[in-house]
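Novice: Pasting a structure here, questions to come.
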Amino acid sequence: MQHLEEQYGWLSSPQAYISLKHNENKLVAFERGNLLWIFNFHPTQSFADYKIGTEWAGKYSIALNTDRKIFGGHDRIDESISYHSQPHEWDGRKNYIQVYIPCRVALVLSHC
Numbered sequence: 001m002q003h004l005e006e007q008y009g010w011l012s013s014p015q016a017y018i019s020l021k022h023n024e025n026k027l028v029a030f031e032r033g034n035l036l037w038i039f040n041f042h043p044t045q046s047f048a049d050y051k052i053g054t055e056w057a058g059k060y061s062i063a064l065n066t067d068r069k070i071f072g073g074h075d076r077i078d079e080s081i082s083y084h085s086q087p088h089e090w091d092g093r094k095n096y097i098q099v100y101i102p103c104r105v106a107l108v109l110s111h112c
């Protein structure tokens, strides 16, 4: 996360907007500093094509993936994939993206 701060300066950006809090699925997502943060705290449930609302239209790429082997993960996420928003309102945001979010993983996506 320190590397993300050096590259994106997210700590000095305006307050985060929490776009998703889902207790049953144990998911949290928020936008801060041109980054979309997605956390899956569920111990066993992974989600394919999970919709996450975002204010920013356009393309997203992975800035941090805690499922990488170097973090003790299982490398279940293809980091070469770009995510493209859809111009439809979702969870009070103007757009949404769909992501695969494995159990016990955090993804940070950079808005390109």
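The sequence shown lines up with residues 1 to 112 when you count with full-length UniProt numbering. All residues carry an ideal CB built from backbone N, CA and C; glycine is no exception.
(1) Do you know offhand how far Q98's Cα is from V28's?
(2) Pairing CB atoms from the region 80 to 94 with CB atoms from the region 54 to 62, are three or more of them under 8 angstroms?
(3) Among H111, R104, C112 and W90, whose alpha-carbon lies nearest the alpha-carbon of K51?
(4) What residues are listed by DSSP as bridge partners for N65?
(5) State the DSSP-derived secondary structure class of F41, mapped to helix, strand or coil.
(6) Under 9 angstroms, do D49 and V105 count as touching if we go by C-beta distance?
(7) Relative to the alpha-carbon of K26, which residue among S46, N34 and L36 has its alpha-carbon at the smallest distance?
(8) Return the residue from the list H42, F41, F39 and G33 that minimises the CA-CA distance to C112.
Specialist: Here's the rundown:
(1) 14 angstroms
(2) yes
(3) W90
(4) L107
(5) coil
(6) no
(7) S46
(8) G33
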